[in-house]
Amino acid sequence: MRRIFRWLITFPILLVAGFLLVANRHIIDISLDPFNAQDPAFSLELPLYIVILVAIFIGLLLGGTLTWVGQHRYRKASRVERNNAHKWHNEADDLRKRAEQNATNNVKQLSNN
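Residue numbers (my numbering): 1 to 113.
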């Protein structure tokens, strides 16, 4: 069910993005020289759809990175709690073994008497 909803949302977005890319096939100049627009020191001639795709990719990469960095405190808290859980689990196992040994020793002492 979840997969169907995901496709119901993803498919129209991909369809619109495909139409957008096909509609923007003309060549544009990308200049990194703001002072000399007529004769820039460095410029690229690229189709607009490539510029759009690169901008989307960079946005996704930056957004994912910033989200990951922002969630650092939650990952750290989870790691601390996981370590505490392992520590308490090991302590419970040790106490259980000790209780079993004490019970075994008590049974042996009672059977000897």
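We put the CB at the ideal spot given by N, CA and C, even for glycine.
Which class does residue i belong to by DSSP, given the choice of helix, strand or coil?
i    : result
P47  : strand
P12  : helix
F35  : coil
Q71  : coil
N105 : helix
Pull the bridge partners of residue i from the DSSP assignment, please.
i   : result
D93 : D93 pairs with nothing; no bridge assigned.
D29 : E45
Find the nearest neighbour of residue i within the set the options, judged by alpha-carbon distance.
i   : options           : result
P34 : S43, L20, R2, V80 : S43
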